[in-house]
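Those protein sequences? They're chains A and B, same order as listed. Using my numbering, the first residue of the first sequence is number 1, and each one after it goes up by one. Using my numbering, the first residue of the second sequence is number 1001, and each one after it goes up by one.
There are 2 protein chains.
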Amino acid sequence: MADLIDSETIAHVAELAGAAREASRRLALLSRADKDAALLAMADALDLASGEIIVANDLDIVRGRAAGLTEGLLDRLRLDRPRVEAVADALRDIAGLPDPVGEVVRGSTLANGLQIRQVRVPMGVVAMIYEARPNVTVDAAGLALKSGNAVVLRGGSAASSSNRALVEVLRSALQSQGLPAGAISLLDEGGRDAVRALMTARGLVDVLIPRGGADLIQTVVRESTVPVIETGVGNCHVYVDAAADLDKALAIAVNSKTHRVGVCNAAESLLVHRGIAAAFLPRVLAALGSAGVTVHGDAELELAAKEAGAEYSLATDDDFAREYLSLDISARVVESLDEALAHVRQYSTGHTEAIVTEDRGAARRWVAEVDAAAVMVNASTRFTDGGEFGFGAEIGISTQKLHARGPMGLAELTSTKWVVEGDGQIRQ
Amino acid sequence: MADLIDSETIAHVAELAGAAREASRRLALLSRADKDAALLAMADALDLASGEIIVANDLDIVRGRAAGLTEGLLDRLRLDRPRVEAVADALRDIAGLPDPVGEVVRGSTLANGLQIRQVRVPMGVVAMIYEARPNVTVDAAGLALKSGNAVVLRGGSAASSSNRALVEVLRSALQSQGLPAGAISLLDEGGRDAVRALMTARGLVDVLIPRGGADLIQTVVRESTVPVIETGVGNCHVYVDAAADLDKALAIAVNSKTHRVGVCNAAESLLVHRGIAAAFLPRVLAALGSAGVTVHGDAELELAAKEAGAEYSLATDDDFAREYLSLDISARVVESLDEALAHVRQYSTGHTEAIVTEDRGAARRWVAEVDAAAVMVNASTRFTDGGEFGFGAEIGISTQKLHARGPMGLAELTSTKWVVEGDGQIRQ
């Protein structure tokens, strides 16, 4: 595939990633104090440059409006003074977190006297491809630095002016601390070829984290030869069991769906056990309806939805497979816990799956049998989140099984090495 | 790429991997007692079927001899009664190891009362592609079962008759325990197409572990869309520092090179600091020479090698990059620790890198700055091994940074899931 990529773009990406690799060697040896000082300098620099950053952001907003972005997307793109302050404060929060590098994960002294220990070390160079808001640029740079990694950022083109301004400020702040600017770089040229060059930069990039829609993630998984951590596609289910407390079920279903709709841990599908359907459906459909949610249900739900005043459409297989990220939910009545488990097995994206039940046996089966990053009993799916879990920060939510699964904090941005110390031991 | 693969082969691999996935759901829920009973039944069945297995192996040996395999390769391929007993005993050893599944890695109770814990769970379906001896077939099957995974095995064609016989015995033993035969399957048809179908069986295969030469591993890394754990290419260095104890250095260099030559943790390159070169080179070259080692050195080493009676050839860049897996070693005199570090940075495959020194500062720099799965001070590179590290068993040695790095035991064949238990909590 490499031969199809523009050679100038390959050279540009290799130069950027090469500088990142060079910088990563410095970063790996920094003390926590040095990294925290750099993070605080970066935060102060953002505050100071707030005016310029907002001007740069205005360009993106004007361009976005001309391109017909929705008000919702424009709002996600917008940086104003409070938002710049918030991203700066996020860096200060990261400075306050413990340093994962150097942590001894396990170790022992072998019978022959060799002392072995497994120690956390940085990955090296982390690349991120994302489509989201410009605050991700700063968060990712801060988390990478704290975990001793250099980072190559590929943001969405809609935020390119903002991202350039932000990265420029961060790089200057690094240099003011005597650190290499190559520790944080933005790949904002070269279009798709640049992304493909990044995905195949083996030996320069240690891990690639795509953050965005299913299409982006599938492309990266298919084309990347660099190790990938898949993130964030969530077709999350709430299953209301026959033995559910219906008040809890109502609160959890509504919160999981409507607390914030554009996020990967929002519920996209509701399964209701036949045994409580008659009692529960009118309540939950009325509540969802009055929150403006459209219900995509099987034929059986049509009447109940109409009586409850909820918008209704007939669900297809595609609906059950879909991550709406909007005020829509698919819904089905199931005959049994087994049928609920089978439905989840068929449609789950392995993100977060919740059961509402007071039945200990049903809860135990759900927890044991559902194959997902997070399995929940009597709690909103919205809790699958690094901040909620107490990680202090989050680079994304992994839905793969290798390396990291679920919310990824600083530790998930590290690898380990074995340190073996002896006194001349040889193998017999 | 999928459209280039023979469709019958794709269907065959999908059927095999589908049966493995189905089986994996049963395996994930087994108690340790059930898994250990199955492992012991598998071991007993191998002992009982020893005669048939040896007959099947004879076919491979005859075929191998006709195909011109070296005596060394034929010996690796051969199964006799003691060797069948040894693989059966390896299964009994695995039964004796703790079960990694269900281990709580971390957990806490959040301020809102949610109880969260990160629990080890099986990967699901593990695929292995390997070229090595038929004992790997049994080891891999045993380790996968103990860690609750189904396994799809793709062995080398030279061992196909042996592998079929072994897997047949293992599957029967599983079924006699009421477990699904699909838990262990052998993919021994379809040639390269089958391997490619396996590498792209996303959703059916959770992780692919190639074990073999650099070519195999590079192919898998390049073509696989299934997550991969790279194993086992080791261009391992021994660096003898200016402050080395020369007796230790001699023992470590000779042991690292000659203890066993065909393995990934054997030393392939020797770096000697200028400051002790005059004292050390005659000794180490004589010892290597009398062990039958050919030294591939820079021009400077020629005279010393000849005086010491060691076979010598002029080293090229390729030599320094090469994993010989034979009685050959590349060698260089370096002017400083920095030069040694730079050399290792250029040529290391990230497996095992050892320094011999009594200088605390040099040892600390080596440990901190060398980027490898194992960094050693005053010890033979041969110690990077799951058995030596006390893991009890080993599925391979990872040289990548994601998920597992260094020797992989049972824990490395698991993922985790977050279990979140609440009492109706919703996000505010």
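For every residue, glycine included, the Cβ atom is placed at its ideal position computed from N, Cα and C.
Per DSSP, what kind of secondary structure is A:A331 in: helix, strand or coil? For the purposes of this step, residue 331 of chain A is taken as the residue at position 331 of the first sequence. Three-state DSSP puts A:A331 in a strand.
In whole angstroms, what separates the C-alpha of B:T1447 from that of B:T1225? Outside the displayed span of chain B (1001 to 1428) sits residue 1447 of chain B, for which this structure offers no information.
What does B:S1157 touch in chain A if you count any residue whose Cβ is under 9 Å from its own? In the second sequence, residue 1157 of chain B corresponds to position 157, counting from 1. Within 9 Å Cβ-Cβ: nothing; B:S1157 doesn't reach chain A, min ~26 Å.
At the 7 Å Cβ level, is B:P1282 part of the contact set with chain A, yes or no? Here residue 1282 of chain B is taken as the residue at index 282 of the second sequence, counted from 1. For B:P1282, the answer is no, since every Cβ of chain A falls outside 7 Å of its Cβ.
Counting only the same chain and skipping the five closest in sequence on each side, list residues whose C-beta sits under 6 Å from that of A:G289. Taking the first residue of the first sequence as 1, we reach residue 289 of chain A at position 289. Closer than 6 Å at Cβ, skipping near neighbours: A308, G309 and A310.
Applying the 10 Å Cβ sphere with the 16-neighbour rule, what's the burial state of A:E71? In the first sequence, counting from the first residue as 1, residue 71 of chain A sits at position 71. For A:E71, the number of other beta carbons within 10 angstroms of its own is below 16, and it is reported as exposed.
Please return the same chain residues whose Cβ sits closer than 7 Å to the Cβ of B:A1404, not counting the five positions on each side in sequence. The sequence position of residue 1404 of chain B within the second sequence is 404, counting from 1. The answer, listed in chain order, is I1229, S1398 and E1412.
Nearest chain A C-beta to B:P1227 closer than 7 Å, yes or no? Taking the first residue of the second sequence as 1, we reach residue 1227 of chain B at position 227. A Cβ of chain A is located within less than 7 Å of the beta carbon of B:P1227.
Beta-carbon gap between A:R81 and A:S50 smaller than 7 Å: Start at 1 with the first residue of the first sequence, and residue 81 of chain A comes out as number 81. Start at 1 with the first residue of the first sequence, and residue 50 of chain A comes out as number 50. Yes, the Cβ-Cβ distance between A:R81 and A:S50 is below 7 Å.
Would you mind telling me which residues of chain B sit closer than 9 Å to A:E421, beta carbon to beta carbon, in chain order? Residue 421 of chain A sits at position 421 when you count from the first residue of the first sequence. Simply A1363, V1367, M1376, V1377, N1378 and A1379.
Can you tell which of B:A1150, B:A1088, B:R1106 and B:L1145 has its C-alpha closest to the C-alpha of B:P1134? Here residue 1134 of chain B refers to the residue found at position 134 when the second sequence is read from its first residue. Here the closest residue by C-alpha is B:A1088.
Buried or exposed: which applies to B:D1139, given that a residue is buried once 16 or more other Cβ atoms fall within 10 Å of its Cβ? Numbered from 1 along the second sequence, position 139 holds the residue referred to as residue 1139 of chain B. Result: buried.
Going by beta carbon distance, what residues of the same chain come within less than 7 Å of A:E52, once the five residues before and after it are set aside? One-based indexing of the first sequence puts residue 52 of chain A at position 52. Counting only Cβ-Cβ distances below 7 Å, and skipping sequence neighbours, we find A165.
Does any residue of chain A bring its CB to less than 7 Å from the CB of B:A1033? Residue mapping note: residue 1033 of chain B aligns to position 33 of the second sequence, counting from 1. Proximity of B:A1033 to chain A, defined by a Cβ-Cβ separation below 7 Å, is not satisfied.
Which bits of chain A does B:S1416 rub up against, with CB to CB less than 8 Å? Along the second sequence, one-based indexing puts residue 1416 of chain B at 416. The amino acid occupying residue 1416 of chain B in the given sequence is Thr; Ser does not appear at that position. Within chain A, the C-beta atoms nearer than 8 Å to that of B:T1416 come from R405 and G406, in chain order.
By alpha-carbon positions, which one of B:A1056, B:A1243, B:K1146 and B:K1257 ends up nearest to B:E1323? The sequence position of residue 1323 of chain B within the second sequence is 323, counting from 1. Comparing Cα-Cα distances from B:E1323 to each of B:A1056, B:A1243, B:K1146 and B:K1257, the minimum goes to B:K1257.
Please confirm if B:K1306 has its CB atom under 7 Å from at least one CB of chain A. Looking up residue 1306 of chain B in the second sequence gives position 306. Chain A, which has no Cβ nearer than 7 Å to the Cβ of B:K1306, makes this no.
From the DSSP output, which residues share a beta bridge with B:R1106? Counting from 1 along the second sequence, the entry for residue 1106 of chain B is found at position 106. Its beta-bridge partners are B:Q1118.
Beta-carbon gap between B:V1261 and B:L1327 smaller than 7 Å: Numbered from its first residue, the second sequence carries residue 1261 of chain B at position 261. Numbered from its first residue, the second sequence carries residue 1327 of chain B at position 327. Yes, they are a contact pair.
Between which two residues does the beta strand (DSSP E) holding B:N1378 run? As a first step, residue 1378 of chain B is located in the second sequence; it is residue number 378 there, counting from the start. Run containing B:N1378: A1374 to A1379, per the beta strand (DSSP E) assignment.
Judging by CA-CA distance, which residue of B:H1343, B:V1420, B:A1017 and B:A1373 is the nearest neighbour of A:R364? Taking the first residue of the first sequence as position 1, residue 364 of chain A is located at position 364. When only C-alpha atoms are compared, the closest one is B:V1420.
Would you please verify whether the beta carbon of A:F391 is less than 7 Å from any beta carbon of chain B? Working through the first sequence from its first residue, we reach residue 391 of chain A at position 391. Cβ-Cβ to chain B under 7 Å: no for A:F391.
Could you give the DSSP three-state label for B:V1261: helix, strand or coil? Taking the second sequence and counting its residues from 1, one reaches residue 1261 of chain B at position 261. The three-state reading of DSSP puts B:V1261 in coil, since its state is none of H, G, I, E or B.
Run the CB neighbour count on A:M1, radius 10 Å, all protein chains shown included, and call it buried at 16 or more, exposed below. By 1-based counting over the first sequence, the position of residue 1 of chain A is 1. For A:M1, the predicted structure reports a pLDDT of 43, less than 50, and the residue's modelled location is therefore unreliable. The matter cannot be settled from this model.
Does B:A1222 pass the burial test, meaning 16 or more other C-beta atoms within 10 Å, or should it be called exposed? Counting from 1 along the second sequence, the entry for residue 1222 of chain B is found at position 222. Note that residue 1222 of chain B corresponds to Arg in the displayed sequence, not to Ala. Exposed, since its Cβ has fewer than 16 Cβ neighbours within 10 Å.
Can you give me the start and stop residues for the beta strand (DSSP E) that A:P407 sits inside? Position 407 of the first sequence, counting from 1, holds the residue named residue 407 of chain A. A:P407 -> beta strand (DSSP E) spans G406 to M408.
B:G1142 burial status per 10 Å Cβ neighbour count (16 or more: buried): By 1-based counting over the second sequence, the position of residue 1142 of chain B is 142. So B:G1142 ends up on the buried side.
Pick out whichever of B:F1383, B:G1213 and B:H1237 has its Cα sitting closest to the Cα of B:Q1346. Here residue 1346 of chain B refers to the residue found at position 346 when the second sequence is read from its first residue. Of the candidates B:F1383, B:G1213 and B:H1237, the one whose C-alpha sits nearest the C-alpha of B:Q1346 is B:H1237.
When we look at the beta-carbon of B:P1098 and count the other beta-carbons within 10 Å, is it buried (16 or more) or exposed? Within the second sequence, residue 1098 of chain B is the residue found at index 98, counting from 1. Exposed.
Excluding the 5 residues preceding and the 5 following A:V195 in the sequence, name in chain order all residues of the same chain whose CB lies nearer than 7 Å to its CB. One-based indexing of the first sequence puts residue 195 of chain A at position 195. Contacts found: I129 and R154.
Determine the closest residue to B:E1189 out of B:E1085, B:L1179 and B:S1161, with distance taken between C-alpha atoms. By one-based count along the second sequence, residue 1189 of chain B stands at place 189. Looking at B:E1085, B:L1179 and B:S1161, the one whose alpha-carbon comes closest to that of B:E1189 is B:S1161.
Checking 7 Å against the spacing of the C-beta atoms, do A:V207 and A:T416 come in under that value? Residue 207 of chain A sits at position 207 when you count from the first residue of the first sequence. Residue 416 of chain A sits at position 416 when you count from the first residue of the first sequence. Their beta carbons are not under 7 Å apart, which means A:V207 does not touch A:T416 by this criterion.
What does a CB cutoff of less than 6 Å around A:M42 pick up in its chain, not counting 5 residues either side in sequence? Locating residue 42 of chain A in the first sequence gives position 42, where the first residue counts as 1. Same-chain partners within the cutoff: L91, L170 and A173.
In chain order, what residues of the same chain have a beta carbon less than 8 Å from the beta carbon of A:E302, not counting five sequence neighbours either side? For this step, residue 302 of chain A is matched to residue 302 along the first sequence. Same-chain partners within the cutoff: Y312 and L314.
Closer than 9 Å between beta carbons: that is the criterion. Which residues of the region 1233-1258 of chain B meet it against chain A? D1245, D1247, K1248, A1249, A1251, I1252, V1254, N1255 and S1256
In three-state terms, what does DSSP make of A:L30? For the purposes of this step, residue 30 of chain A is taken as residue 30 along the first sequence, with counting starting at 1. Coil at A:L30, not helix or strand.
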